[in-house]
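Protein chains in written order, with the numbering used here: chain H, 72 to 441; chain G, 463 to 602. Written out below as structure tokens is the structure these notes cover.
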Amino acid sequence: MGYVAVKGGTKAIEASIERLKYERLKDEEILEVNTILATMKAMIDQVMSESSLYSPYLAALAIKQAEGSMEEAVFLMRAHRSTLPRLYYSQTVEAESMLVERRISASFKDIPGGQLLGATRDYTHRLLDFQLIDEDQSDNEQWLRDYKDKLAATRAQNEVQYFPKVVDYLREEGLFEKYEKNNTDPDDITKQSLQFPASRSAKLQVLTRGQTGAVTSLGYASLRGYGQVHPNVGEVRVGNLPIYVAHPNEMEQDEENEFYIGEIRVTEVESFVPVTVKNEQNESELEFEIGYGICYGQNETKAIAMSILDQCLEHPEAEFPTHDEEFVLLHIDSVESTGFISHLKLPHYVTFQSKLDSVRQVKGGDKDEN
Amino acid sequence: MKRRRRTEILIQSDSSLARSFAEMITQNHECQEIVAPQYGLTMIKMRESAKNSLFYIGEVLVTEAKVEINNQIGIGIVVGMQDELAKHLAIIDAAYKANLPEVEEWNPQLQRAEQQIMSRRAKEQADLFETKVNFETMDV
């Protein structure tokens, strides 16, 4: 599509930006970045995930600047990301190293290591809590003291426990196919634009940074019949993953001499999807495959929806939109979709004028004939 | 102590430990700043557990610093915006690379700090275990 430049409006634009600031400041309340950081964790997680940049502090700043608009906050983070140099690539992160804080299975009630609810809203009443209107700092401090006193009695084991993957046990039983470690370098859609058919690594990269609402909607569409994947959630886990980086110059590849640089918090999901396959006797058999989902922070709905879409895209089916990789991957990016929709607000005078001229010509022609 | 273990201890424990080690070095040795603490990105490579392949989950903001001591370059990298800690980590890294005598004294302190980190984590995990659930299926 060709664009035609327009000019003018400098003073109005300056006044508009001033007005924007006025709208943010007029009620004379200041929201501290640290307050957002401490109290808006779900929003921060969502912004980090969709912007593909893990930095809780910057996400809180973006939310403040964007006045809570998710699309604007993600846009700000993506823009900021583009100003920073990529200094390192991490060593491969293996999810078994996760320090788990929540781990549940909807498929098996007795999973090895047990189920851990952690912090979840799943079992809360969805009723407005009017007490929060008059929340008091001293009351909160008292509650925290009482809670910590209650926990003081808990006895810790000598070592931290790491949880095995549910799917590993099922693989040992021969219920799932075993795959050797594939160490092929992944594609990077931030360095090279998406090509179709997309590699598995590119698909997962696009899905994990997809807009939460879009990923959820398309995953939901698959469940409702616009796709053919309806999984059982095998395992949802939330926790911290340690990140290691190799020395940039040392020739010796010694794992023990890597840098530990910190950790990131993620949600990871493995969904079990029944598929029908033909056996050696050409008979139909039921098997299970795994749909994989992961995203920054705690966002279980998105990670589950991603695991559905992962399976959909592994099995292309022309009749279902959620199995079409171009349809899914090109429409779930926050900046791409909101940017393209919102560009419609900007001046399109020449393109519209040419369409108007065509319509007038047709209408005028009709009049002449009458 | 090798880098992986010591960087984990220094980053996970109170930042005063890294500061005290770094100050000990800068008081006794000439330390030249090669790269002042700067913000950058580290791309995270993940292994997915469906087909055991690799993909990029996204980037993490890091602070990086480089210093030189006795012709040895030390690097400090840490997640987040942590200028001071990145610089201290770089100084400690250079001290280890240069085999400075001070590093000999650090092992016991690092081991104690590691023990504290492990105890803290184990206690946090025990607290979380209060939310362990045992669902039972009901006959209907």
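The beta-carbon is built from N, C-alpha and C at its ideal position, and this holds for glycine as well. Just so we're clear, the structure is a prediction, and the values are computed from it rather than from any experiment.
(request) Counting only runs of 3+ residues fully inside the segment 524-574 of chain G, write out the beta strand (DSSP E) ranges in chain order. (result) 534-541
(request) Classify M72(H) as helix, strand or coil using the three-state DSSP reduction. (result) For this step, residue 72(H) is matched to residue 1 along the first sequence. At M72(H) the pLDDT is 48, less than 50, meaning the model places this residue with poor confidence and gives no usable figure here.
(request) Show which residues of chain H have a CB atom less than 8 Å away from the CB atom of K585(G). (result) Start at 1 with the first residue of the second sequence, and residue 585(G) comes out as number 123. Per Cβ cutoff of 8 Å: T225, A227.
(message) Using a Cβ-Cβ distance cut-off of 7 Å, determine whether E526(G) contacts chain H.
(response) As a working mapping, residue 526(G) is identified with position 64 in the second sequence. Yes, because at least one Cβ of chain H sits closer than 7 Å to the Cβ of E526(G).
(request) Note down the Cα distance separating L380(H) from E492(G), rounded to an integer number of angstroms. (result) Along the first sequence, read from residue 1 onward, the residue named residue 380(H) stands at position 309. Along the second sequence, read from residue 1 onward, the residue named residue 492(G) stands at position 30. Roughly 56 Å separates the two Cα atoms.
(request) Use the C-beta contact count for I101(H): other C-beta atoms within 10 angstroms, 16 or more gives buried, fewer gives exposed. (result) Within the first sequence, residue 101(H) is the residue found at index 30, counting from 1. Flag for I101(H) reads exposed.
(message) Taking its Cβ as the centre, do 16 or more other Cβ atoms sit within 10 Å of V118(H), making it buried, or is it exposed?
(response) On the first sequence, position 47 is the one that residue 118(H) refers to. The residue in question, V118(H), is buried, as its Cβ has 16 or more Cβ neighbours within 10 Å.
(request) Taking only beta carbons into account, state which residues of the segment 587-599 of chain G come closer than 9 Å to chain H, listed in chain order. (result) Q587, A588, D589, L590, F591, E592, T593, K594, V595, N596, F597, E598, T599
(message) Just to confirm, is the Cβ distance from V522(G) to G502(G) under 7 Å?
(response) The residue labelled residue 522(G) in the question sits at position 60 within the second sequence. The residue labelled residue 502(G) in the question sits at position 40 within the second sequence. Contact flag unset, no.
(message) Just to confirm, is the Cβ distance from V307(H) to Q369(H) under 7 Å?
(response) Walking along the first sequence from the start, residue 307(H) turns up at place 236. Walking along the first sequence from the start, residue 369(H) turns up at place 298. No. Outside cutoff.
(request) Please go through the segment 225-274 of chain H and give each complete alpha helix (DSSP H) segment of 4 or more residues, from N-terminal end onward. (result) 237-243
(request) Could you tell me which of T225(H), L170(H), E251(H), R242(H) sits nearest to I335(H), measuring between CA atoms? (result) For the purposes of this step, residue 335(H) is identified with residue 264 of the first sequence, where counting begins at 1. Of T225(H), L170(H), E251(H), R242(H), the residue nearest in Cα terms is L170(H).
(request) Using the Cα positions of L551(G) and H414(H), report the straight-line distance between them to the nearest angstrom. (result) The residue labelled residue 551(G) in the question sits at position 89 within the second sequence. The residue labelled residue 414(H) in the question sits at position 343 within the first sequence. Taking the straight line from one Cα to the other gives about 46 Å.
(message) So M543(G) contacts chain H; which residues on that side make the cut at Cβ distance below 9 Å?
(response) Along the second sequence, one-based indexing puts residue 543(G) at 81. Going along chain H in sequence order, the residues near M543(G) (Cβ under 9 Å) are S126, Y128, L129.
(message) Short of 7 Å Cβ to Cβ, which residues in the segment 174-198 of chain H face chain G?
(response) K180, G185, Q186, L187, L188, G189
(message) Assuming the contact rule is C-beta atoms closer than 8 Å, V541(G) and G333(H) should be a hit. Round their C-beta distance to whole Å, please.
(response) One-based indexing of the second sequence puts residue 541(G) at position 79. One-based indexing of the first sequence puts residue 333(H) at position 262. The pair is a contact, with the Cβ atoms about 3 Å apart (cut-off 8 Å).
(request) Could you check the C-alpha separation between M377(H) and R216(H) for me, to the nearest Å? (result) Along the first sequence, read from residue 1 onward, the residue named residue 377(H) stands at position 306. Along the first sequence, read from residue 1 onward, the residue named residue 216(H) stands at position 145. Straight-line Cα distance between these residues: approximately 39 Å.
(request) Could you tell me how far apart the beta carbons of I375(H) and V340(H) are, in whole angstroms, since I believe they sit closer than 8 Å? (result) Here residue 375(H) refers to the residue found at position 304 when the first sequence is read from its first residue. Here residue 340(H) refers to the residue found at position 269 when the first sequence is read from its first residue. A Cβ-Cβ separation of about 5 Å places I375(H) in contact with V340(H) under the 8 Å criterion.
(message) For P313(H), list the residues DSSP reports as bridge partners.
(response) For the purposes of this step, residue 313(H) is identified with residue 242 of the first sequence, where counting begins at 1. Partner(s): E334(H).
(request) Would you verify that the beta carbon of P156(H) is, or is not, closer than 7 Å to some beta carbon of chain G? (result) To locate residue 156(H), count along the first sequence from 1; it is residue 85. Residue-level contact check: P156(H) touches chain G, since one or more beta carbons of chain G fall below 7 Å from its beta carbon.
(request) Taking only the alpha-carbon atoms, compute the straight-line gap between A575(G) and V237(H) and give it to the nearest angstrom. (result) In the second sequence, counting from the first residue as 1, residue 575(G) sits at position 113. In the first sequence, counting from the first residue as 1, residue 237(H) sits at position 166. Looking at the two C-alpha atoms, the distance is approximately 33 Å.
(request) Can you say whether G281(H) is buried or exposed, counting buried as having 16 or more other CB atoms within 10 angstroms of its CB? (result) Counting from 1 along the first sequence, the entry for residue 281(H) is found at position 210. That one is buried.
(message) On a Cα-Cα basis, can you pick out the residue from K92(H), E321(H), I134(H) that is closest to L108(H)?
(response) The residue labelled residue 108(H) in the question sits at position 37 within the first sequence. Of the candidates K92(H), E321(H), I134(H), the one whose C-alpha sits nearest the C-alpha of L108(H) is I134(H).
(request) Quickly, what does DSSP pair C366(H) with across the bridge? List them, please. (result) By 1-based counting over the first sequence, the position of residue 366(H) is 295. C366(H) pairs with T338(H).
(request) Put S153(H) into one of helix, strand or coil per three-state DSSP. (result) On the first sequence, residue 153(H) is found 82 positions in, with the first residue counted as 1. If DSSP states are grouped into helix, strand and coil, S153(H) belongs with coil.
(request) Could you run through the segment 296-313 of chain H and flag, in chain order, every residue whose CB is less than 9 Å away from some CB of chain G? (result) Per Cβ criterion, the list reads L312, P313.
(message) Just to confirm before moving on: does the CB-CB distance between S178(H) and G305(H) stay below 7 Å?
(response) As a first step, residue 178(H) must be located in the first sequence, where it is residue number 107. As a first step, residue 305(H) must be located in the first sequence, where it is residue number 234. Yes. Within cutoff.
(request) Measure the alpha-carbon distance for T599(G) versus E385(H) and round it to whole angstroms. (result) One-based indexing of the second sequence puts residue 599(G) at position 137. One-based indexing of the first sequence puts residue 385(H) at position 314. Computed Cα separation, rounded: 34 Å.
(request) Please state whether DSSP places P499(G) in a helix, a strand or coil. (result) One-based indexing of the second sequence puts residue 499(G) at position 37. DSSP places P499(G) in strand when its eight states are reduced to three.
(message) Taking a contact to mean a Cβ-Cβ separation below 7 Å, would you say V300(H) touches C383(H) in this structure?
(response) Walking along the first sequence from the start, residue 300(H) turns up at place 229. Walking along the first sequence from the start, residue 383(H) turns up at place 312. Contact flag set, yes.
(request) Taking the CB atoms as reference points, tell me whether E142(H) and T409(H) lie closer together than 7 Å. (result) As a working mapping, residue 142(H) is identified with position 71 in the first sequence. As a working mapping, residue 409(H) is identified with position 338 in the first sequence. Cβ distance < 7 Å, so E142(H) and T409(H) count as in contact.
(message) Can you confirm whether A556(G), when its beta carbon is compared against all beta carbons of chain H, has any partner nearer than 7 Å?
(response) As a position in the second sequence, residue 556(G) is number 94, starting the count at 1. With 7 Å as the cut-off, A556(G) does not count as an interface residue toward chain H.
(request) Name, in chain order, the residues that DSSP records as bridge partners for R509(G). (result) Residue 509(G) sits at position 47 when you count from the first residue of the second sequence. In the DSSP output, where bridge partners are listed per residue, R509(G) has L516(G).
(request) Find the nearest neighbour of E248(H) within the set A512(G), S482(G), F597(G), N490(G), judged by alpha-carbon distance. (result) Along the first sequence, one-based indexing puts residue 248(H) at 177. Selected option, being the one with the closest Cα: A512(G).
(message) Since R468(G) and L572(G) should fall inside the 8 Å C-beta cutoff, what is the C-beta to C-beta distance between them, to a whole number of angstroms?
(response) To locate residue 468(G), count along the second sequence from 1; it is residue 6. To locate residue 572(G), count along the second sequence from 1; it is residue 110. Correct: roughly 6 Å between the Cβ atoms.
(request) Can you tell me which of E360(H), N311(H), E356(H) puts its alpha carbon nearest to the alpha carbon of R174(H)? (result) Translated into the one-based positions of the first sequence, residue 174(H) becomes position 103. That would be N311(H), whose Cα lies nearest to the Cα of R174(H).
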